Each structure stands twice: as C-alpha cells, then as structure tokens.
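Using the UniProt record's numbering, read the sequence shown as starting at 1 and increasing by one per residue. Yeah, the Cβ is synthetic: ideal placement off N, Cα and C, and Gly gets one too. Only a predicted model underlies this, so the values are computations on that prediction, with no experimental measurement involved.
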Amino acid sequence: MENIKSLNAQIEKLKEENRKLNSELSEQRIGGDRFKTIFETSQLGNKIISSDLEILEVNPALVKLLGYSSKQDIIGTKIRDYSPEGHQKHWAILQKELWEKKTPYFNLETCLCKKNGAIIWVHVTSVLFKDGDQTYGYTIIEDITRQYKEKIKKEEFISVASHELKTPITTMKASLQLMNRMISNEKDFPSKILKLSQDAEKYTAKLSYLVGDLLNLSNFEQGEMTLNKTDFKLSELINECCNHVRLEGKYTITYKGDLSVELNADKYKIDQVLVNLVNNAIKYAPDSPEIIIKVDSLKNFHRISVIDAGKGIPSENIPHLFERYYQVNKKAKNPGLGLGLYISSEIIRVHEGEIGVKSQVGKGSTFWFTIPKR
1 MENIKSLNAQ
11 IEKLKEENRK
21 LNSELSEQRI
31 GGDRFKTIFE
41 TSQLGNKIIS
51 SDLEILEVNP
61 ALVKLLGYSS
71 KQDIIGTKIR
81 DYSPEGHQKH
91 WAILQKELWE
101 KKTPYFNLET
111 CLCKKNGAII
121 WVHVTSVLFK
131 DGDQTYGYTI
141 IEDITRQYKE
151 KIKKEEFISV
161 ASHELKTPIT
171 TMKASLQLMN
181 RMISNEKDFP
191 SKILKLSQDA
201 EKYTAKLSYL
211 VGDLLNLSNF
221 EQGEMTLNKT
231 DFKLSELINE
241 CCNHVRLEGK
251 YTITYKGDLS
261 VELNADKYKI
271 DQVLVNLVNN
281 AIKYAPDSPE
291 IIIKVDSLKN
301 FHRISVIDAG
311 KGIPSENIPH
321 LFERYYQVNK
331 KAKNPGLGLG
341 LYISSEIIRV
351 HEGEIGVKSQ
361 VGKGSTFWFT
371 IPKR
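Okay, structure coming up:
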C-alpha cells in the first residue's frame, strides 16, 4: 500500500512539472512570436549578426534601406561588405567592444554603401544576447543622413566664422590692453572711464576664449588635432594659467601635492584644460573663495585635480558634463557655449589620459584628469 501511495505521489509530481514545462514553453513561444513581429514590422533597420559580423537575419526595413529587393541578397554576407573604404574600422571597434570586452551594448555612427553605390550615414546600436551557447548581436540601424549633412553644414559655418572673427578680436584685445596701460598711468583720468575700458578688455578676452573654443571644436570634428609634446614643469604651467584668477583678487588658488613633477604633453593644450577647469570652478562655485589644485603622482600617470567647495552638481547632470554643448544651468547669467568641458575631454583623450568629476550637492566638486608618465 505504501508503495502505491509513493508511486501516486511521484506521478502527481511529474504531472505538475509537466504543466510547468508546458506553461514555460507556451510563454517562450508567445515571447518569440512577439519578438518576431517587432523585428519584422520595425520601421528601423534590424539585423542579427554573429561574432564574425556575418548577417544571420534582417528585416524588410534594412533590405529597403540598403536598396535590395530580398532578404536573401543580404543574409550570409558580412556587414563590412557594405562599409565604404576607410570606415570598416568602425565595425572592427564594435566587434572588439561586444565580443572581446563583453560590453553589453555599443553605439556608433558610420556610413554604409547602398546597392546603387549611394552613401548613407547611420546610427548603429548593437546589443549582445545569448542563444544556447552562442552569443549574437542584435543591431538597430537608423538612417541619419539628413541630420549628418546638417551637422556638416553647421561645422563648416562655425569653422569659417571662427577664423574670420579671430583676427579682429585679437587686434581689438591687444588695442584695449595697450589703452588700459596708458590710461592707468594718467592721474586725472576719470575712474568710471577706466572701469569701462577694463570691462571692455575683460569681455573681449572672454569673446576670444569663445572663438578659440569654436576653432578647437572645428578641428576636433575634422580630426585635425595634433599634439606638440614637450617636457615641462607642472608648477610653471599652473602659475601661468591661473594669473587671470589672481588678478581679479576674488579667489585664492591653493596648490597641494608634488608640483615638481614634469609632464610630457602638449603644454598649450594642457593649459587649456586647466584654464577650463579653473574657470568652471569660478563659474559654478562663485561663493567658494578658495580653489585647490592638487597634484598626485601615481604609478603610471600623474593626476591633476581642481577642487572647489561650491554648491556641487546634481547626480543626474554628471554623466552629461563632458558632452558637446551640454550646460548644467541654461538660465545662468553667462551660460557659455557648453564646449569647455567637451574640448577638455577631447584633449585628454588624445593624450591617452582620462578625465572625470566627483561632486556632491552642498559639498562642492572635484574635476580631475590624468596624463600618462613617459
């Protein structure tokens, strides 16, 4: 009798496991059907690729985007086959990021060649997923040709306008500096006029910085930034780049760490980074009278930090601080162009260093960057 009860219990257990299995299979089938529907009807190009970038599946939108008439024209080829010469490296980067570094997803902008030879610019988002013991990439491709052409026109305008503005602004700045030196030595010169002249020089200098940022942006976008590396003492650079702060008399620059270290870098461009970070501290921490520049000499690199005790930056803003045109407070009195931190990050990137920020609301911010040791 006990054996029969035990057998019945096992039978009931097997039935329950079978019901669960059927339920899971049903859910998987429904989920698979939903995915297939989304994949096939999406207005954006969709494809599934293997680790060697072979195209395993495509949707009708991608077939149309590339100018073909059938999926079979594309399935079995490799995405690099549609990449113009000089742009195939983008797919090599994607392949490395996804399958070697195991990055969960990756974005890039590149161009593809259609069947008729026309070139289109696309935004690519690839996400890794597992199927059995294999890892595949699910890729969404969006045609951004129109936006790309508009961006190129804007960059060309910025480049031309910046070059045209640079010479007259430089001349005006030099003339105001000379004029201020002359009138400051005149005892009976009205103080109000002297103040106006000094303000004109200050705002001309600000305008010069803005034009410089635009020129740098144009060079970065065209891949024309080159480095003129030399050996120089960091202490000398810090003293030179912070003169404008000391002359104002509102803020104190405090140095900490080993200022005797030498950097092997582009002195002018590192000066730009430091000036941007110090100006950033003044701008967003006006009630913090002390700005600290700290130097840490670590194993493989030097780290330079600019520290303020201002209001701090909300956590939701931090991931975007080094994006082009991003501004924390667009309603600020002098919001700028939102280029300073972006340009600084590009300069540090080509030096093969890193840049970042730590901030806490109510306690201030620390912007830092690293330069590799030689």
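Residue burial classification, residue i (beta-carbon count within 10 angstroms, cutoff 16)
| i | result |
| --- | --- |
| Ile-270 | buried |
| Ser-359 | buried |
| Ile-30 | Caution applies to Ile-30, whose pLDDT of 42 falls short of 50 and renders its modelled position unreliable; the value that the coordinates give is listed next. Label assigned to Ile-30: exposed. |
| Asp-258 | exposed |
| Leu-25 | Below a pLDDT of 50, predicted positions are generally treated as unreliable, and Leu-25, at 46, falls in that range; the measurement from the model is reported next regardless. Classification for Leu-25: exposed. |
| Glu-156 | exposed |
| Asn-276 | buried |
| Ser-345 | buried |
| Gly-137 | buried |
| Gln-28 | Here the model assigns Gln-28 a pLDDT of 48, short of 50, so the residue's position is not dependable, and the following value carries that caveat. Gln-28 is exposed by the Cβ-count criterion. |
| Lys-229 | exposed |
| Val-58 | buried |
| Lys-267 | buried |
| Phe-106 | buried |
| Ile-152 | exposed |
Proximity winner among the options, relative to residue i (alpha-carbon distances)
| i | options | result |
| --- | --- | --- |
| Lys-202 | Asp-188, Asn-180, Glu-346, Gly-356 | Asn-180 |
| Ile-120 | Ile-291, Pro-104, Glu-164, Ser-83 | Ser-83 |
| Asn-300 | Asn-264, Asp-308, His-320, Tyr-325 | Asn-264 |
| Glu-142 | Val-63, Ile-292, Thr-366, Tyr-325 | Val-63 |
| Ser-126 | Trp-99, Ser-159, Lys-283 | Trp-99 |
| Phe-367 | Leu-196, Val-350, Phe-322 | Phe-322 |
| Ser-69 | Pro-104, Ala-92, Asn-116 | Asn-116 |
| His-123 | Cys-111, Gly-132, Asp-133 | Cys-111 |
| Thr-171 | Pro-190, Ile-238, Lys-149, Ala-205 | Ala-205 |
| Glu-237 | Asn-59, Gln-198, Ile-304 | Looking at the sequence itself, residue 237 is Leu, so the reference to Glu does not match. When each option's Cα is compared against that of Leu-237, the closest is Ile-304. |
| Gln-272 | Arg-374, Val-361, Ile-158, Tyr-342 | Tyr-342 |
| Thr-135 | His-320, Pro-168, Ile-49 | Ile-49 |
| Ala-92 | Leu-53, Val-278, Lys-36 | Leu-53 |
| Arg-349 | Ser-235, Lys-173, Pro-372, Val-361 | Pro-372 |
| Ala-118 | Glu-97, Lys-101, Thr-139, Thr-145 | Thr-145 |
| Ser-260 | Glu-240, Lys-233, Asn-279 | Lys-233 |
Residue i vs residue j beta-carbon contact at 7 Å
| i | j | result |
| --- | --- | --- |
| Gly-45 | Leu-65 | yes |
| Ala-285 | Val-306 | no |
| Glu-352 | Thr-370 | no |
| Glu-262 | Asp-296 | no |
| Val-211 | Leu-165 | yes |
| Arg-80 | Gln-72 | no |
| Asn-283 | Lys-256 | Reading off the sequence, residue 283 comes out as Lys, not Asn. No, these two residues do not count as a Cβ contact at 7 Å. |
| Lys-114 | Gly-67 | yes |
| Leu-176 | Ala-200 | yes |
| Ser-162 | Leu-207 | no |
| Tyr-251 | Ile-291 | yes |
| Tyr-325 | Gly-338 | yes |
| Leu-108 | Leu-94 | yes |
| Lys-47 | Ile-55 | yes |
| Ser-365 | Asp-287 | no |
| Ile-183 | Leu-194 | yes |
| Cys-241 | Ile-253 | no |
Unbroken beta strand (DSSP E) run spanning residue i, endpoints
| i | result |
| --- | --- |
| His-302 | 301 to 308 |
| Leu-112 | 105 to 113 |
Element boundaries [alpha helix (DSSP H), containing residue i]
| i | result |
| --- | --- |
| Leu-298 | No alpha helix (DSSP H) contains Leu-298, which DSSP labels as neither H nor E. |
| Lys-96 | Careful: Lys-96 lies outside any alpha helix (DSSP H) and carries neither H nor E. |
Residue i: CB within 6 Å of a non-hydrogen atom of the ligand NAD
| i | result |
| --- | --- |
| Gln-147 | Within the structure as shown, the ligand NAD is missing, as the structure has no ligands at all. |
What residue ranges within the region 124 to 172 form continuous alpha helix (DSSP H) runs of no fewer than 4 residues, ordered along the chain? none
Sequence ranges, alpha helix (DSSP H) only - wholly within the region 312 to 368, length at least 4: 340 to 350
What alpha helix (DSSP H) runs, 4 residues minimum, are completely inside the region 33 to 76? 60 to 65
Within the region 233 to 296, note down every full beta strand (DSSP E) run reaching 3 residues or more, in order along the chain. 252 to 257, 262 to 266
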